[in-house]
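Structure record follows, encoded as structure tokens.
Protein chains: 4
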Amino acid sequence: MTPDDLMGFMVEVFPQVHKDFNVEAVTEDGVRMRLYVTEANLRPGGTVSGPSMFALADVAIYLATLSRIGPEALAVTTNGSIDFMRKPSANTDLIAEARLLKLGKTLSVGDVLIYSEGVDAPVARATLTYSIPPKRG
Amino acid sequence: MTPDDLMGFMVEVFPQVHKDFNVEAVTEDGVRMRLYVTEANLRPGGTVSGPSMFALADVAIYLATLSRIGPEALAVTTNGSIDFMRKPSANTDLIAEARLLKLGKTLSVGDVLIYSEGVDAPVARATLTYSIPPKRG
Amino acid sequence: MTPDDLMGFMVEVFPQVHKDFNVEAVTEDGVRMRLYVTEANLRPGGTVSGPSMFALADVAIYLATLSRIGPEALAVTTNGSIDFMRKPSANTDLIAEARLLKLGKTLSVGDVLIYSEGVDAPVARATLTYSIPPKRG
Amino acid sequence: MTPDDLMGFMVEVFPQVHKDFNVEAVTEDGVRMRLYVTEANLRPGGTVSGPSMFALADVAIYLATLSRIGPEALAVTTNGSIDFMRKPSANTDLIAEARLLKLGKTLSVGDVLIYSEGVDAPVARATLTYSIPPKRG
Numbered sequence: 017m018t019p020d021d022l023m024g025f026m027v028e029v030f031p032q033v034h035k036d037f038n039v040e041a042v043t044e045d046g047v048r049m050r051l052y053v054t055e056a057n058l059r060p061g062g063t064v065s066g067p068s069m070f071a072l073a074d075v076a077i078y079l080a081t082l083s084r085i086g087p088e089a090l091a092v093t094t095n096g097s098i099d100f101m102r103k104p105s106a107n108t109d110l111i112a113e114a115r116l117l118k119l120g121k122t123l124s125v126g127d128v129l130i131y132s133e134g135v136d137a138p139v140a141r142a143t144l145t146y147s148i149p150p151k152r153g
Numbered sequence: 017m018t019p020d021d022l023m024g025f026m027v028e029v030f031p032q033v034h035k036d037f038n039v040e041a042v043t044e045d046g047v048r049m050r051l052y053v054t055e056a057n058l059r060p061g062g063t064v065s066g067p068s069m070f071a072l073a074d075v076a077i078y079l080a081t082l083s084r085i086g087p088e089a090l091a092v093t094t095n096g097s098i099d100f101m102r103k104p105s106a107n108t109d110l111i112a113e114a115r116l117l118k119l120g121k122t123l124s125v126g127d128v129l130i131y132s133e134g135v136d137a138p139v140a141r142a143t144l145t146y147s148i149p150p151k152r153g
Numbered sequence: 017m018t019p020d021d022l023m024g025f026m027v028e029v030f031p032q033v034h035k036d037f038n039v040e041a042v043t044e045d046g047v048r049m050r051l052y053v054t055e056a057n058l059r060p061g062g063t064v065s066g067p068s069m070f071a072l073a074d075v076a077i078y079l080a081t082l083s084r085i086g087p088e089a090l091a092v093t094t095n096g097s098i099d100f101m102r103k104p105s106a107n108t109d110l111i112a113e114a115r116l117l118k119l120g121k122t123l124s125v126g127d128v129l130i131y132s133e134g135v136d137a138p139v140a141r142a143t144l145t146y147s148i149p150p151k152r153g
Numbered sequence: 017m018t019p020d021d022l023m024g025f026m027v028e029v030f031p032q033v034h035k036d037f038n039v040e041a042v043t044e045d046g047v048r049m050r051l052y053v054t055e056a057n058l059r060p061g062g063t064v065s066g067p068s069m070f071a072l073a074d075v076a077i078y079l080a081t082l083s084r085i086g087p088e089a090l091a092v093t094t095n096g097s098i099d100f101m102r103k104p105s106a107n108t109d110l111i112a113e114a115r116l117l118k119l120g121k122t123l124s125v126g127d128v129l130i131y132s133e134g135v136d137a138p139v140a141r142a143t144l145t146y147s148i149p150p151k152r153g
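The listed protein sequences correspond, in order, to chains A, B, C and D.
Read in order, the letters of the first sequence are residues 17 to 153 in our numbering.
Read in order, the letters of the second sequence are residues 17 to 153 in our numbering.
Read in order, the letters of the third sequence are residues 17 to 153 in our numbering.
Read in order, the letters of the fourth sequence are residues 17 to 153 in our numbering.
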């Protein structure tokens, strides 16, 4: 699936949240995603909220998986871990670099580095596992 | 801090999100929090989104910490892990039972079980670590 | 399976490590396990090594699972997270209180609190997921 | 610190375990470590035990941190997460590629990919956080 395919799928199945994100690229081993940072994502001290970064990591591994297996709305996250390492820059979009580490028949596992756009050191890292439903015959 | 104190603090420092949550009780070792489940939290298949559950776990440990140390807006999450174990019930609020496992000078650690209200088996579990800023003299 | 059944199974399938552990009890929702702390587990500063605590948590959820489904040597860990919260007491065994949070056909999930024997505050917490192989017909 | 410096430090402070490991290289952003796989690490089905892989990841981030800050025996792990993704090859050493993602004054965070030597797809991934003690004056 191309970035346009993935965004079209987002619009269809995630009408509540697709406007927060953009698929920047499908990369060799995953995807690059953008979170448009707005007032809604900010927290005291001007930082981006943890759940916003978790959401970015979650959708990035979801779409990285779908970019390989095709549209499968019912893949669900079974597990995630996240480390918040640095304070994001104020008023700056976040960029997630997601890579798939495993893509099996029933599970995919990927990790993500999240950056404030234009800054070298990552602000967060995360790992997500997705359960892929069996194909209907 | 009482449930009313904690909700007043939420209104003040989290104007974007306080309406999604309610502090049901301050318990012996933590807090009980409610996530009002609305269309915005739902995902394909009628399930509540993973990031919504992460957000509930995150705010529950935050407020469990503050219920012991007083209002400290600048406490920040440094790490989290979450397991999604069962599909939440449709159109049912989520209840988080958060307990503090450690409350030190610089870190608090707590874990959370999340339930669909009225259902015995938990839908998710999470652990969060918060960094507590040093007191200004 | 009783504690004696579980230890008999350990002797058979984990000949390398069974002597390090004891099943103290099969509890309502899991098991209680002991790690015999010896010189081999210690690290600089007199603390018990992190991998020793991970091993204790891992075997505790494994045996909690088997205590419900019967001997199944090929269950494998798929995921774990652990928080080291306090320094264990010197020269004191560790006790793990493991509880199962989910026991499905293909996955079990449990969490563990680890204590220095006789001390109230936990030294570590962990969560483990096990994959249960399908029954052979 | 060079690989020889790091192994010399291991011999001194981890007399119980240094023989299980070798520092293969100090890399641009971390270290490469080897776990000598022996009978003691094996589990039913011929797989390497999860705790052995956790131990490899743990020591790799520890030494990656020390390779930058110098010998500091009292750095302690505060948190870890690990995903076991594929079955390791039988009778094959494991190689960990560890990279530091953050090296602050009080915390270091790194992640690790673990491979069966000579096989392209990783068998496990892990993330570890270390707490670095303050310098004595």
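Don't be surprised by glycine CBs; every beta carbon is placed ideally from N, CA and C.
All figures in this text were calculated on a predicted structure; none of them were measured in a lab.
Open item on the list: Just to confirm the assignment: which complete alpha helix (DSSP H) runs, minimum length 4, are found wholly within the stretch 60-123 of chain C?
Closed with: Runs of alpha helix (DSSP H) with 4 or more residues, each lying fully within the stretch 60-123 of chain C, are found at 66-85, listed in chain order.
Open item on the list: I'd like to know whether the C-beta of A/S147 is nearer than 7 Å to at least one C-beta of chain C.
Closed with: no
Task: Neighbouring residues, chain D, relative to A/P150 (Cβ below 7 Å) - done: Result: empty, since nearest Cβ-Cβ is about 20 Å, beyond 7 Å.
Task: Burial state of D/G182 (16 or more Cβ within 10 Å) - done: Examination of residue 182 of chain D is not possible in this model, given that chain D is present from 17 through 153 alone.
Task: Contact check, A/D109 vs A/R50, beta carbons under 7 Å - done: yes
Task: Burial state of D/N107, where buried means 16 or more other Cβ atoms lie within 10 Å - done: So D/N107 ends up on the exposed side.
Open item on the list: Is the separation between the beta-carbon of A/A114 and that of A/G46 shorter than 7 Å?
Closed with: Cβ distance < 7 Å, so A/A114 and A/G46 count as in contact.
Open item on the list: Mapping the DSSP letters down to three states, classify C/M49 as helix, strand or coil.
Closed with: strand
- [ ] Name, going along the chain, the residues of the stretch 96-107 of chain A whose beta-carbon falls closer than 9 Å to a beta-carbon of chain B.
- [x] The stretch 96-107 of chain A vs chain B, Cβ under 9 Å: G96, S97, I98, D99, F100, M101, K103.
Task: Proximal residues to C/N57 (C-beta, below 6 Å), its chain only, five neighbours per side dropped - done: V64, S65, S68
TODO: Mark C/D136 as exposed unless 16 or more other C-beta atoms lie within 10 angstroms of its C-beta, in which case mark it buried.
DONE: exposed
Task: DSSP beta-bridge partners of D/L129 - done: Within the DSSP bridge table, the entry for D/L129 names D/E113, D/R141 as partners.
Open item on the list: Judging by CA-CA distance, which residue of A/V125, A/V29, A/D36, A/E55 is the nearest neighbour of B/V33?
Closed with: A/E55
TODO: Determine which residues share a DSSP beta bridge with D/F37 and list them.
DONE: D/L51
TODO: Kindly indicate which residue of A/L22, A/V128, A/G96 has the alpha-carbon position closest to the one of A/S147.
DONE: A/G96
TODO: Tell me where the alpha helix (DSSP H) around B/G24 begins and ends.
DONE: 19-29
Task: Cβ contact check for the stretch 98-105 of chain B and the stretch 139-146 of chain B: 3 or more pairs under 8 Å - done: Yes: at least three Cβ pairs fall under 8 Å.
Open item on the list: Quick check on B/R9 - is its C-beta less than 7 Å from some C-beta in chain C?
Closed with: There is simply no residue 9 of chain B to check, as chain B begins at 17 and stops at 153 in what is shown.
- [ ] Below 6 Å CB to CB, which residues in the same chain sit around C/V128 once its five sequence neighbours on both sides are set aside?
- [x] A73, A76, A112, A114, A142
Open item on the list: Since B/L119 and B/T81 should fall inside the 8 Å C-beta cutoff, what is the C-beta to C-beta distance between them, to a whole number of angstroms?
Closed with: 7 Å
Open item on the list: Please tell me whether C/L116 has its Cβ less than 7 Å away from any Cβ of chain B.
Closed with: Using a CB distance cut-off of 7 Å, C/L116 does not count as an interface residue toward chain B.
- [ ] Determine the contact status of D/S83 and D/M26, defining contact as a CB-CB distance below 7 Å.
- [x] no
Task: Backbone CA spacing between A/S124 and C/I85 [nearest angstrom] - done: 26 Å
Open item on the list: Quick check on A/G169 - is its C-beta less than 7 Å from some C-beta in chain B?
Closed with: Outside the modelled stretch of chain A, which goes from 17 to 153, sits residue 169 of chain A, for which no answer is possible.
TODO: Using 10 angstroms around the beta-carbon of B/M145, count the other beta-carbons present and answer buried if the total reaches 16, otherwise exposed.
DONE: Per the sequence presented here, residue 145 of chain B reads as Thr, with Met not at that position. Buried: at least 16 other Cβ atoms inside 10 Å.
- [ ] Please classify C/A71: is it buried, with 16 or more other beta-carbons within 10 angstroms of its beta-carbon, or exposed?
- [x] buried
TODO: Using a cut-off of 9 Å between C-beta atoms, extract the partners of A/S56 located in chain B.
DONE: Before going on, a small fix: residue 56 of chain A reads as Ala here, not Ser. Residues of chain B passing the Cβ test: Q32, V33.
- [ ] Flag A/R141 as yes if its beta-carbon sits less than 7 Å from any beta-carbon of chain D, otherwise no.
- [x] yes
Task: Contacting residues, own chain, Cβ-Cβ under 8 Å from B/A41 (five flanking each side not counted) - done: P19, V47, R48
- [ ] Report, in whole angstroms, the separation of the C-beta atoms of A/L79 and A/L22, which I expect to be a contact under 8 Å.
- [x] 5 Å
TODO: Pull up the distance between the alpha-carbon of D/I130 and that of D/K103, whole angstroms please.
DONE: Taking the straight line joining both Cα atoms gives about 11 Å.
Task: C-alpha gap between B/E88 and B/K151, whole angstroms - done: B/E88 and B/K151: Cα-Cα distance of roughly 10 Å.
Task: Residues that B/P87 contacts on chain C, provided the C-beta gap is smaller than 7 Å - done: Within chain C, no residue comes near B/P87; the closest Cβ sits about 24 Å away, beyond 7 Å.
Task: Those residues which DSSP pairs with D/V42 across a bridge - done: D/V47
Task: Own chain residues within Cβ distance below 6 Å of D/T94, not counting five before or after - done: Within its own chain, the residues whose Cβ lies closer than 6 Å to the Cβ of D/T94, once the five positions on either side in sequence are excluded, are T145, S147, listed in chain order.
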